[in-house]
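Colleague:
2 protein chains.
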Amino acid sequence: MPNPTAAMLVIGDEILSGRTRDANMHHLAGVLTERGITLAEVRMVQDEQPAIVAAVNDLRARFDTVITSGGIGPTHDDITADAIGAAFGRPVDVRDDARTLLAEHYARTGKELNEARLRMARVPEGAVLIDNPVSVAPGFSVENVHVMAGVPSVFRAMVESLLPELTGGQPLLSRSLRVNRGEGDIAGPLGEIAKAMPAISFGSYPFVDNGAYGANIVMRSTDPTALEAAVAALREAFPGATE
Amino acid sequence: MPNPTAAMLVIGDEILSGRTRDANMHHLAGVLTERGITLAEVRMVQDEQPAIVAAVNDLRARFDTVITSGGIGPTHDDITADAIGAAFGRPVDVRDDARTLLAEHYARTGKELNEARLRMARVPEGAVLIDNPVSVAPGFSVENVHVMAGVPSVFRAMVESLLPELTGGQPLLSRSLRVNRGEGDIAGPLGEIAKAMPAISFGSYPFVDNGAYGANIVMRSTDPTALEAAVAALREAFPGATE
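Sequences listed follow chains A and B, in order.
Using the working numbering, read the first sequence as starting at 71 and increasing by one per residue.
Using the working numbering, read the second sequence as starting at 71 and increasing by one per residue.
#1: Can you find a CB in chain A that lies within less than 9 Å of the CB of aspartate 134 of chain B?
#2: Counting only Cβ-Cβ distances shorter than 8 Å, please list the residues of the region 288-307 of chain B near chain A, keeping chain order.
#3: Mind pulling the chain B residues with CB within less than 9 Å of asparagine 184 of chain A?
#4: Alpha carbon to alpha carbon, what distance is there between alanine 197 of chain B and methionine 218 of chain B?
#5: Proline 222 of chain B: which of B:Gly141, B:Thr312 and B:Val193 sits nearest, CA to CA?
#6: Counting only C-beta atoms, is valine 212 of chain A closer than 9 Å to chain B at any point?
#7: Please tell me whether aspartate 148 of chain B has its Cβ less than 9 Å away from any Cβ of chain A.
#8: Compare the C-beta of glutamate 313 of chain B against all C-beta atoms of chain A and say whether one is closer than 9 Å.
#9: Beta-carbon of glutamine 116 of chain A versus every beta-carbon of chain B: anything under 9 Å?
#10: Using a Cβ-Cβ cut-off of 9 Å, state whether arginine 91 of chain B counts as contacting chain A.
#11: At 4 residues or longer, what runs of the alpha helix (DSSP H) sit wholly inside the region 179-232 of chain A?
#12: With a cut-off of 9 Å, does the C-beta of phenylalanine 277 of chain B fall near any C-beta of chain A?
#13: For the region 222-246 of chain A, enumerate the residues whose C-beta is nearer than 7 Å to any C-beta of chain B, in chain order.
#14: Using CA coordinates, which residue listed in B:Arg132, B:Ile154 and B:Thr135 is at the minimum distance from alanine 121 of chain B?
#15: For glycine 252 of chain B, collect the residues of the same chain with a Cβ closer than 7 Å to its Cβ; drop the 5 residues on either side in sequence, then sort them by chain order.
#16: Residues of chain B with CB under 8 Å from aspartate 201 of chain A, in chain order?
#17: Should alanine 162 of chain A and aspartate 152 of chain A be called a contact, given that it needs their Cβ atoms to be closer than 9 Å?
#18: Can you list, in chain order, the residues of its chain whose CB lies under 7 Å from that of alanine 191 of chain B, leaving out five sequence neighbours each side?
#19: Whose C-beta lies closer than 7 Å to the C-beta of arginine 187 of chain A among residues of the same chain, with five residues either side of it excluded?
#20: Under 7 Å, CB to CB, which of the residues in the region 91-115 of chain A have a partner in chain B?
#21: Runs of 3 residues minimum, wholly inside the region 236-300 of chain A: which ones carry the beta strand (DSSP E) assignment?
#22: List the endpoints of the continuous beta strand (DSSP E) containing glutamate 34 of chain A.
#23: Kindly list, in the order they appear in chain A, the residues whose Cβ is closer than 8 Å to that of threonine 145 of chain B.
#24: Is aspartate 163 of chain A helix, strand or coil when you go by DSSP?
#25: Who are the Cβ neighbours of glycine 239 of chain A in its own chain at under 7 Å, not counting the five residues just before and after it?
#26: Please state whether the Cβ-Cβ distance between alanine 76 of chain A and phenylalanine 133 of chain A is less than 9 Å.
#27: Say whether chain B places a C-beta atom closer than 9 Å to the C-beta of serine 139 of chain A.
#28: Is it the case that the CB of glutamine 119 of chain A approaches a heavy atom of the ligand ATP more closely than 8 Å?
#29: Shorter than 9 Å from the beta carbon of glycine 88 of chain A to some beta carbon of chain B?
#30: Does DSSP put isoleucine 122 of chain B in a helix, in a strand, or in coil?
#31: How many Å lie between glycine 82 of chain A and proline 294 of chain A at the Cα?
#32: Using the beta-carbon of each residue, which ones in chain A are nearer than 7 Å to alanine 264 of chain B?
#33: 9 Å is my cut-off, CB to CB: does glutamate 174 of chain B come that close to chain A?
#34: Would you please verify whether the beta carbon of arginine 187 of chain A is less than 9 Å from any beta carbon of chain B?
#35: Whole angstroms is fine: what's the gap from glycine 244 of chain A's alpha carbon to alanine 266 of chain A's?
#36: Going by DSSP, what residues sit across from serine 139 of chain A in a beta bridge?
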């Protein structure tokens, strides 16, 4: 059975303008791959409701799980909750359990639970809250769409909270060999090996190191024995390759 | 007139598996923003023809320019040229001018222009080559889709080659103020200011610094005078904000 699939939707002008470098995608990719879930697509869209709605509805129909980041804070440009509500055709309102979480947190820290902060208790009808141990304001899930904050420390904490809920697959194992020859010399023999071992996914990732061309050949499989055989075949074809 | 729009398509399993951290998106975002072109969407898809074709056809219909990265090398997993051909319904074959570029380059460097390397001269019918001063094998453009290598040094060089061809807009200016208060305190006054100044795009990007909450408020506009007024309004609302 193929592994479950996931997509990520990164919401925010600050990434697309180049002001901020996204850190969450790389983190999520690693966590999902470890767990045997294939991250099959990532999208990054602006803080605009039609763009978010279109992306969410396309991705949730095509993949088992969708994880979003960004746009769930208290400010005027945080429009993700409303966009998710619109995507599912569900009303969005302050919910009592989310309000209670926030009220207790701000009472402890001596801050006012004002109108802006209360926005963070607004979730679509029927959503399930995602625990936020870092800064309390929760994420939420609607069906297979899981909505998380964009601040990296909070995003990571929410991913940890969500992971036990996700059905994983067989962990995808990988091995990598570094070959200090140009891809043009590697491609022929590698293509033959890849054709002969269809159970292994072979990727060739070129690099330039001090002016010299080389490539990392990455082999991926859920089968450790097949993976060993692939490494052996590559070592024979490319003597001197290093792990 | 609104600025021209662009989308980026990142092609490659190595990004989605978390093995490699994409560096090209952040670079392209900065370059386009400087030039007054709005990077409106980014997609990252696997090395699979149907995924690439669907993304290319969706993006090229919706945005003025599409830039892709990855999958144009000599190995079996480099399938971008064929996917772009399929997206446009154009045959893909070795082209004489591209072959000549490669033949001259490999003659100079004493390497063999073998079958694998010759794959890098395959482009869709009617494509325009994009100069690659780093490693010669060219990128190519078909209509509004510009196809570039994924290796960051080559990607950047190809972007430089392409930029003079792109129609820019008015450069988007930005100013940023750091406010050392939680977004929940900032949101109310900021929302009022944003409503009063519709020509300015205000973004609030929260951070946690040594346990203390704060936010960078970013203002963007093509109008420098309006931008000054926005900075002044924010400074009045948040005394102690720093640039």
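Yeah, the Cβ is synthetic: ideal placement off N, Cα and C, and Gly gets one too.
Modeller: Once the coordinates are examined:
#1: Residue mapping note: residue 134 of chain B aligns to position 64 of the second sequence, counting from 1. Not closer than 9 Å to any Cβ of chain A, the Cβ of aspartate 134 of chain B fails to qualify, so no.
#2: Val288 and Arg290
#3: Looking up residue 184 of chain A in the first sequence gives position 114. Correct list: Gly254, Asp255, Ala257 and Gly258.
#4: Taking the first residue of the second sequence as position 1, residue 218 of chain B is located at position 148. Taking the first residue of the second sequence as position 1, residue 197 of chain B is located at position 127. Whole-angstrom Cα-Cα distance: 13 Å.
#5: Residue numbering aside, residue 222 of chain B sits at position 152 when the second sequence is read from its first letter. Considering only alpha carbons, the answer is B:Gly141.
#6: For the purposes of this step, residue 212 of chain A is taken as residue 142 along the first sequence, with counting starting at 1. By this cut-off, valine 212 of chain A is not an interface position.
#7: Walking along the second sequence from the start, residue 148 of chain B turns up at place 78. Closer than 9 Å to some Cβ of chain A, the Cβ of aspartate 148 of chain B qualifies, so yes.
#8: Position 243 of the second sequence, counted from the start, is the residue given in the question as residue 313 of chain B. Not an interface residue.
#9: Start at 1 with the first residue of the first sequence, and residue 116 of chain A comes out as number 46. Yes, because at least one Cβ of chain B sits closer than 9 Å to the Cβ of glutamine 116 of chain A.
#10: Within the second sequence, numbered from 1, the residue matching residue 91 of chain B stands at position 21. True, the Cβ-Cβ gap to chain A drops below 9 Å.
#11: 185-188 and 222-232
#12: Numbered from 1 along the second sequence, position 207 holds the residue referred to as residue 277 of chain B. Taking Cβ atoms only, chain A reaches closer than 9 Å to phenylalanine 277 of chain B, which makes this a yes.
#13: Ser223
#14: Start at 1 with the first residue of the second sequence, and residue 121 of chain B comes out as number 51. The shortest Cα separation from alanine 121 of chain B among B:Arg132, B:Ile154 and B:Thr135 belongs to B:Ile154.
#15: Locating residue 252 of chain B in the second sequence gives position 182, where the first residue counts as 1. Answer for glycine 252 of chain B: Tyr283, listed in chain order.
#16: Taking the first residue of the first sequence as 1, we reach residue 201 of chain A at position 131. Correct list: empty, because the minimum Cβ distance to chain B is about 18 Å.
#17: In the first sequence, counting from the first residue as 1, residue 162 of chain A sits at position 92. In the first sequence, counting from the first residue as 1, residue 152 of chain A sits at position 82. Looking at the sequence provided, one finds valine at residue 162 of chain A rather than alanine. Cβ atoms of valine 162 of chain A and aspartate 152 of chain A: closer than 9 Å.
#18: Locating residue 191 of chain B in the second sequence gives position 121, where the first residue counts as 1. So the list reads Val164, Arg165, Ala168, Arg169 and Leu172, once near-sequence residues are dropped.
#19: Here residue 187 of chain A is taken as the residue at index 117 of the first sequence, counted from 1. Contacts found: Pro144, Leu172 and Tyr176.
#20: Arg91, His96, Ala99, Gly100, Thr103, Leu109, Ala110, Glu111, Val112, Arg113, Met114 and Val115
#21: 243-249, 271-279 and 282-291
#22: Nothing in the structure corresponds to residue 34 of chain A, since chain A is present only between 71 and 313.
#23: The residue labelled residue 145 of chain B in the question sits at position 75 within the second sequence. Simply Glu253, Ile256, Ala257, Leu260, Gly261, Ser274 and Ala285.
#24: Counting from 1 along the first sequence, the entry for residue 163 of chain A is found at position 93. Strand.
#25: Working through the first sequence from its first residue, we reach residue 239 of chain A at position 169. Counting only Cβ-Cβ distances below 7 Å, and skipping sequence neighbours, we find Asn73, Pro74, Gly106 and Ile107.
#26: Translated into positions along the first sequence, residue 76 of chain A becomes position 6. Translated into positions along the first sequence, residue 133 of chain A becomes position 63. Yes, they are a contact pair.
#27: To locate residue 139 of chain A, count along the first sequence from 1; it is residue 69. Answer no: the Cβ-Cβ gap between serine 139 of chain A and chain B never drops below 9 Å.
#28: Absence of the ligand ATP is noted for the structure shown, with no ligands found whatsoever.
#29: Residue numbering aside, residue 88 of chain A sits at position 18 when the first sequence is read from its first letter. Closer than 9 Å: yes.
#30: Residue numbering aside, residue 122 of chain B sits at position 52 when the second sequence is read from its first letter. Note: isoleucine 122 of chain B maps to helix in three-state DSSP.
#31: Translated into positions along the first sequence, residue 82 of chain A becomes position 12. Translated into positions along the first sequence, residue 294 of chain A becomes position 224. When rounded, the distance between both Cα atoms is 40 Å.
#32: Stepping through the second sequence from its first residue, residue 264 of chain B is reached at position 194. The contacting residues are His146.
#33: Here residue 174 of chain B refers to the residue found at position 104 of the second sequence. Glutamate 174 of chain B does not count as touching chain A.
#34: Residue numbering aside, residue 187 of chain A sits at position 117 when the first sequence is read from its first letter. With 9 Å as the cut-off, arginine 187 of chain A counts as an interface residue toward chain B.
#35: Here residue 244 of chain A refers to the residue found at position 174 when the first sequence is read from its first residue. Here residue 266 of chain A refers to the residue found at position 196 when the first sequence is read from its first residue. In the sequence as displayed, the identity of residue 244 of chain A is serine instead of glycine. The alpha-carbon atoms of serine 244 of chain A and alanine 266 of chain A are separated by roughly 18 Å.
#36: Numbered from 1 along the first sequence, position 69 holds the residue referred to as residue 139 of chain A. In the DSSP output, where bridge partners are listed per residue, serine 139 of chain A has A:Val80 and A:Met218.
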